Amino acid sequence: MDGSSHWLGQAGNWNITASKGVIHEAVFSAPLHLDSTDWSWHKINYQDLKVDLSQHDVHLSQLKMYDGNMTLSATNPALSQSQSSAPEWRISTDKIQIEKMTLAIALPDGNLTLQSLKGQAAWPKQQALSFDLKSEQTNRATDAEWYLSGIVDKNMTNHLTDAEFSVISKHVPITALRPLLPLQNSARSPVTLAGTVNLNSHVSLHDGLWRMQGQANAVDVEVSHAGDIWTADHISWQFGPIGMGLNTQSIDHIVADNWAYVVALEPLHPTPRKLASTPALQTTWWAAALRSKNIHIRQLKLNQGVVSMGKKESRWAEEFDIQIDDLATKQWSNINATAKVGGGKLQLTGKWSALSKPQRFLGSASIQSALPFFSHSWMTASGMPRLIRGYLNASIDVEYALKEDRYQSRWQLQLVGGEAEAGNLNSDPMLARTGMNTYDLLRHLKQSNASIKLQGEVTGLWQQHPLSFEMIEQALLLSLSQAASRQDGLDKKRASQINKETEIATQIRLHEYGPLSMNERIRTYKIVRMLRNKPAIDIDLRPLWSGQELTSETLARIQYTQKLIKRYMVHHGISQERIFLRWPTDSDQVQEISSIQVELQLPHQDDKKVM
Numbered sequence: 134m135d136g137s138s139h140w141l142g143q144a145g146n147w148n149i150t151a152s153k154g155v156i157h158e159a160v161f162s163a164p165l166h167l168d169s170t171d172w173s174w175h176k177i178n179y180q181d182l183k184v185d186l187s188q189h190d191v192h193l194s195q196l197k198m199y200d201g202n203m204t205l206s207a208t209n210p211a212l213s214q215s216q217s218s219a220p221e222w223r224i225s226t227d228k229i230q231i232e233k234m235t236l237a238i239a240l241p242d243g244n245l246t247l248q249s250l251k252g253q254a255a256w257p258k259q260q261a262l263s264f265d266l267k268s269e270q271t272n273r274a275t276d277a278e279w280y281l282s283g284i285v286d287k288n289m290t291n292h293l294t295d296a297e298f299s300v301i302s303k304h305v306p307i308t309a310l311r312p313l314l315p316l317q318n319s320a321r322s323p324v325t326l327a328g329t330v331n332l333n334s335h336v337s338l339h340d341g342l343w344r345m346q347g348q349a350n351a352v353d354v355e356v357s358h359a360g361d362i363w364t365a366d367h368i369s370w371q372f373g374p375i376g377m378g379l380n381t382q383s384i385d386h387i388v389a390d391n392w393a394y395v396v397a398l399e400p401l402h403p404t405p406r407k408l409a410s411t412p413a414l415q416t417t418w419w420a421a422a423l424r425s426k427n428i429h430i431r432q433l434k435l436n437q438g439v440v441s442m443g444k445k446e447s448r449w450a451e452e453f454d455i456q457i458d459d460l461a462t463k464q465w466s467n468i469n470a471t472a473k474v475g476g477g478k479l480q481l482t483g484k485w486s487a488l489s490k491p492q493r494f495l496g497s498a499s500i501q502s503a504l505p506f507f508s509h510s511w512m513t514a515s516g517m518p519r520l521i522r523g524y525l526n527a528s529i530d531v532e533y534a535l536k537e538d539r540y541q542s543r544w545q546l547q548l549v550g551g552e553a554e555a556g557n558l559n560s561d562p563m564l565a566r567t568g569m570n571t572y573d574l575l576r577h578l579k580q581s582n583a584s585i586k587l588q589g590e591v592t593g594l595w596q597q598h599p600l601s602f603e604m605i606e607q608a609l610l611l612s613l614s615q616a617a618s619r620q621d622g623l624d625k626k627r628a629s630q631i632n633k634e635t636e637i638a639t640q641i642r643l644h645e646y647g648p649l650s651m652n653e654r655i656r657t658y659k660i661v662r663m664l665r666n667k668p669a670i671d672i673d674l675r676p677l678w679s680g681q682e683l684t685s686e687t688l689a690r691i692q693y694t695q696k697l698i699k700r701y702m703v704h705h706g707i708s709q710e711r712i713f714l715r716w717p718t719d720s721d722q723v724q725e726i727s728s729i730q731v732e733l734q735l736p737h738q739d740d741k742k743v744m
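Everything in the sequence shown is counted per our numbering, starting at 134 for the first residue and increasing by one.
Laid out in structure tokens, this is it:
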């Protein structure tokens, strides 16, 4: 401490005055936790100091404080009340100037740290401490910014008795706000976060309990866990009250736009496995996190999402919109979802007990007229040949079975015009399950309308055998095996209906953008006129591609051109169920210019009379 002072009085009853001075390396700890530091300052300049030792009173007209660290605890109400028998000091300051301060707010799940703060404060006699702080300005517009303004009642031991203040931030890394988020990290189940947040909130502290409410928005968000990655371009949410001593942590709404979810790929096991007789009542990691914090979300909306399997390029669902109302522990939530899957429509509606253990669902879900190409990554990883033709329809309905502790589900799967790449692959898991590889199995199961239809039921008790994707998968595989064993082969008539003859109608060059040319429309319309009165004829749009390998650019042009042709035919009265968009294979590689070959699938000669 540097500076001169004047002492007047006697032992125990001194009055000390000083015009100005400097305190270096000041450190303070409250009596109840002397092993920790509540605050420290590299340098404090003071003016007009007056100290009355007998009255335990200190007053300064002005303080300038540099390079400080302060920790405010809001984690344990018991520690906020001092039990020290020492008398409290009354400290007052007319004006406080702060430069380069780091403020850490200790919360139950970690510290919320605000760095490089500067601003003004005041602590008049017999009044609360008021402050107005903000981050120091930098030349980078994307640097984190904090703004704090409010009042705090506190005593000499530095504990908070009551506080009301606002916290505003811009461009703050989402990792800095982890103590406020329910997705906590752990060594056993790590959760990594990325993105930046803007926050506008109000915080109060009364009787050692802190509460917070406000709104926030984040950009370029990423959440990773156990191989799964969820991202969103933008998230906005309104929350509160959250904090200590509440039955639930309330979030009014969360809206995420342009989100994407990359799911870790789990291939089909090479050999059949038995389900556990008493499976563990597992729950998803995020549901467990929300449940542990008693989170209640009034409305959750995820807009325009993409779901991929294994890698971002392997898209299973697009334009995915989800709305969940009243997501909370021990409560049914209304859920509605729509998406495009393989060009077809996915629709889900019902009630979901997402935070229960186990999770439960009552309602229905369906996929209509989906191209099965979205499953290529999973089929390849499973050792299966890819599906290169067909439309997929699937549905499931789940409801209570007699009692609320028991469920029953009915599922149905239909593959129309399905075809797989040829080849008897020894790695194909269908061999162990049905005795046939996927290519032969599809041909074996086709009905007279060239479709495969499977259906079944799954029932059980929610607690003993909760409904899961694994159970539905096992039921589907069992149904496949049983269907294959019931049919010894194709009879002659059905074989003639399935093995159609192919006639090439025309070829259309690949387009990168824009509509079909006039000549292409004329040639296509001639085909349409002929097909209108011949409902037994199907149309295949076979891609012929050139080059050393099938590039992503060529694939995009193929799919765009196929959609152009299909859209034109459907517009002129041809049912889309008759038009099959084929996936390009090695056998479709040609030396000439890449194109789409329009093929007519004619009935066998014996059946042409029905055309």
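The C-beta atom is built at its ideal place from N, Cα and C for all residues, glycine as well.
A quick note: this is a predicted structure, and the numbers were derived from the prediction, not measured.
query	result
Could you please give the first and the last residue of the uninterrupted alpha helix (DSSP H) stretch that includes Tyr394?	First-last for Tyr394: Gln382 to Val396, but that is the beta strand (DSSP E), not the alpha helix (DSSP H).
Could you tell me if Lys463 is buried or exposed, where buried requires 16 or more neighbouring beta carbons within 10 angstroms of its beta carbon?	exposed
Roughly how many angstroms separate the alpha carbons of Gln437 and Gln722, rounded to a whole number?	35 Å
Short of 7 Å in beta carbon distance, which residues of its chain neighbour Asp295, apart from the five on each side in sequence? Order them along the chain.	Asp286, Leu338 and His339
Looking at the strands, I want to know which residues DSSP matches up with Trp745.	With the chain represented from 134 up to 744, any question about residue 745 goes unanswered, as that position is not in the structure.
Under 9 Å between the Cβ atoms of Ile455 and Lys434?	yes
What does a CB cutoff of less than 8 Å around Pro210 pick up in its chain, not counting 5 residues either side in sequence?	With a pLDDT of only 46 at Pro210, under the threshold of 50, the placement of this residue in the model should not be trusted; the figure read from the coordinates follows. Once the five neighbours on either side are set aside, the close Cβ partners of Pro210 are Asp340, Gly341, Leu342 and Met377.
Who are the near neighbours of Ile726 in its chain, counting only those whose CB is closer than 6 Å to its CB and skipping five residues on each side?	none
Can you check whether the CB of Leu609 is closer than 9 Å to the CB of Leu546?	yes
One question on the structure: do Ser542 and Ile605 come within less than 9 Å of each other, judged by their Cβ atoms?	yes
Quick check on the DSSP output: the alpha helix (DSSP H) that includes Tyr572 runs from which residue to which?	Thr571 to Leu578
Given a cut-off of 9 Å on the beta-carbon distance, is the pair Gly551 and Ser618 in contact?	no
So Glu645 and Arg690 are in contact, right, with Cβ under 8 Å, and what is the actual spacing, rounded?	5 Å
Hey, would you say Ser322 sits closer than 9 Å to Gln348, going by beta carbons?	no
By the 10 Å Cβ neighbour count, where 16 or more other Cβ atoms means buried, how is Met744 classified, buried or exposed?	Interpretation of Met744 is limited by its pLDDT of 45, a score under 50 that renders its predicted location unreliable; no figure is taken from the coordinates.
Where does the unbroken beta strand (DSSP E) through Phe264 begin, and where does it stop?	Leu262 to Ser268
Which same chain residues, not among the five before or five after Leu481, have their C-beta less than 6 Å away from its C-beta?	Ala470 and Ala498
Determine the burial state of Tyr524: buried for a count of at least 16 other Cβ atoms within 10 Å of its Cβ, exposed for fewer.	buried
The alpha helix (DSSP H) that contains Met663, what's its start and end?	Met651 to Arg665
What whole-angstrom Cβ distance do His304 and Ala277 have, given they're in contact under 8 Å?	5 Å
Let's test the definition: count the other Cβ atoms within 10 Å of the Cβ of Val354 and tell me whether it reaches 16, buried, or not, exposed.	buried
From the DSSP output, in three-state form, read off Ile698 for me.	helix
Can Ile672 and Leu664 be called in contact, C-beta distance under 9 Å?	yes
Applying the 10 Å Cβ sphere with the 16-neighbour rule, what's the burial state of Gln382?	buried
Taking one C-beta from the segment 592-599 and one from the segment 559-577 each time, how about it: are there three or more such pairs within less than 8 Å?	no
If contact is defined by three or more beta carbon pairs under 8 Å, each pair taking one atom from either stretch, is the segment 184-198 in contact with the segment 140-156?	yes
Take Gly680 and list the residues in its own chain whose beta-carbon comes closer than 7 Å to its own, dropping the five residues that flank it on each side.	Thr687
Could you check which residue in Ile284, His192, Thr571 and Thr150 has the C-alpha nearest to that of Thr226?	His192
What does DSSP give as the partner residues of Pro676 in its beta bridges?	Ile729
What do you get for Leu245, buried or exposed, if any count of 16 or more other CB atoms within 10 angstroms of its CB means buried?	buried
Where do the ends of the beta strand (DSSP E) carrying Ser206 lie?	Asp190 to Ser206
Whose CA, out of Val160, Leu182, Ile457 and Tyr179, lies closest to the CA of Gln172?	Looking at the sequence itself, residue 172 is Trp, so the reference to Gln does not match. Cα-wise, what sits closest to Trp172 is Val160.
Taking only the alpha-carbon atoms, compute the straight-line gap between Arg344 and Pro374 and give it to the nearest angstrom.	6 Å
Mind checking which residues open and close the beta strand (DSSP E) that includes Ala420?	Unbroken run through Ala420 is the alpha helix (DSSP H), Trp418 to Ser425; no beta strand (DSSP E).
In terms of alpha-carbon separation, which member of Leu613, Gln588 and Glu603 lies closest to His577?	Leu613
Checking the sheet assignment: what are the DSSP bridge partners for Lys157?	The sequence given here places His at residue 157; Lys does not occur at that position. DSSP, once it has assigned bridges, lists Lys176 as partnering His157.
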